[in-house]
Amino acid sequence: GAGGPMPSPRASGPCVVVVAGDQLFLVDAGANGPRNFARLGYPLGGIDAVFLTHFHSDHIDGLGELATLRWATGDDLTPLTVYGPEGVEGVIAGFNAAYAADVTYRNDHHGDLVAPLSAAGLAAVPFTTPPDGELATVFSEGGLTVEALRVDHAPVSPAVGYRFTYGGRTLLISGDTAQSDNIGRFAEGIDLLVHEALSPEIIGMMEDTAKSLGNEIMAKVMFDVPDYHASPREAAETARDAGVGHLLYYHVVPPIIVPGQETLWLNGAGEIFPNYTVGYDGVSFSLPANSSEIIQTRKGM
């Protein structure tokens, strides 16, 4: 999913698939992400773990569906592991409580062969958010290392991004953040930067429209949101200054729906850093091991 909280036919809630050898992970689980995951041909029963960047609703609202589909279509005997910064335990406990009745129904109906109680739900693995200038290794297995880094999404805290290293290649997923020196520091020389972005110009137009219609609530929301997101130009500056191989925009806000809107949304960001792709659901890249190739394998769904 390449979008944020606003509905869009081409941008579901934030959800990034990372494949490293025979390991399969998700970063965040926004609405409709699990269904897109299946539509792209990935095995729902084969998900090894989820990494949460923070606990805004649009990044977690697909977790219950994801856990249920994995449970009912795979052969794991343990719950789905969810890594996240401090506080993830409460989030996961809430999802498990909400789905407790459903788990009982499905086990009663299908039995342990299909729906073993030992594999139901989610299991939280918390970690402490590292300070600026430091990385925290949160996963290391099968040649893959996943490191968390602090990002700036205040007043939302904790909020992290993740850096994945495998086969001599590295990608960094920003999560939600304003422009961040810490991201630039740990994105230096990486292959692929997956960075969120919000267009302050279009959001400003939406604020003005809401005001003209007397919708004070929507106008206030549109006034508030730009201060804790990066603009496309700011993400491009980060990519340029860090010398990354390619920039993939995601958490695209507002959603790009009509022809010509992408140019307005970018607002000249391509002149700052030309090696970019605007994300839509299904956009995929391959980073062959121990090479410098960056191959776009899918342009959307």
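Each residue of the sequence shown is one higher than the last, beginning at 35 in the working numbering.
For glycine and all other residues, C-beta sits at the position ideal for the given N, C-alpha and C.
Burial state of residue i (16 or more Cβ within 10 Å)
i: D242; result: exposed
i: D166; result: exposed
i: D315; result: buried
i: E337; result: Residue 337 lies beyond the stretch modelled for the chain, which goes from 35 to 335, so this question has no answer here.
i: L111; result: exposed
i: H90; result: buried
i: T272; result: buried
i: N324; result: exposed
i: L206; result: buried
i: P293; result: exposed
Other residues of its chain near residue i: CB distance less than 6 angstroms, five sequence neighbours each side excluded
i: H285; result: G38, P48, E230
i: Y133; result: G98
i: V11; result: Shown here, the chain extends from 35 to 335; a query on residue 11 therefore has no answer.
i: A72; result: L78
Endpoints, beta strand (DSSP E) assigned at residue i
i: H285; result: 280 to 287
i: S320; result: 317 to 320
i: H143; result: Segment 134 to 144 is the alpha helix (DSSP H) holding H143; no beta strand (DSSP E) there.
i: E230; result: 226 to 232
Candidates the options: closest to residue i by CA position
i: F307; options: Y283, G294, V287; result: Y283
i: M40; options: G64, P288, A273; result: P288
i: G394; options: I251, P77, E181; result: The question about residue 394 has no answer, for the chain in this structure spans 35 to 335.
i: D109; options: H93, G279, R219, D82; result: D82
i: H280; options: Q295, K254, T204; result: T204
i: G277; options: E222, A131, G304; result: E222
i: E123; options: A158, Q295, T163; result: A158
Host alpha helix (DSSP H) of residue i (start-end)
i: F71; result: 67 to 73
i: T163; result: Where T163 is concerned, there is no enclosing alpha helix (DSSP H), given that its DSSP letter is neither H nor E.
i: T272; result: 266 to 276
i: G98; result: 97 to 107
Same chain, Cβ closer than 7 angstroms to residue i, five either side skipped, listed in chain order
i: V52; result: F59, V61, F198
i: G313; result: A36, L282, Y283, Y284, V286
i: S208; result: V185, G195, I217, V228, H229, E230
i: S214; result: V185, D186
i: A253; result: E241, A244, K245
Neighbourhood of residue i by C-beta distance below 8 angstroms, restricted to the same chain and skipping five residues each side
i: A54; result: G176, G177, L178, F198, Y200, G201
Residues that DSSP places opposite residue i in a beta bridge
i: V61; result: V50, F85
i: A36; result: DSSP lists no partner for A36.
i: T179; result: S174, T199
i: P119; result: F161
i: Y310; result: L281
i: Q330; result: F319
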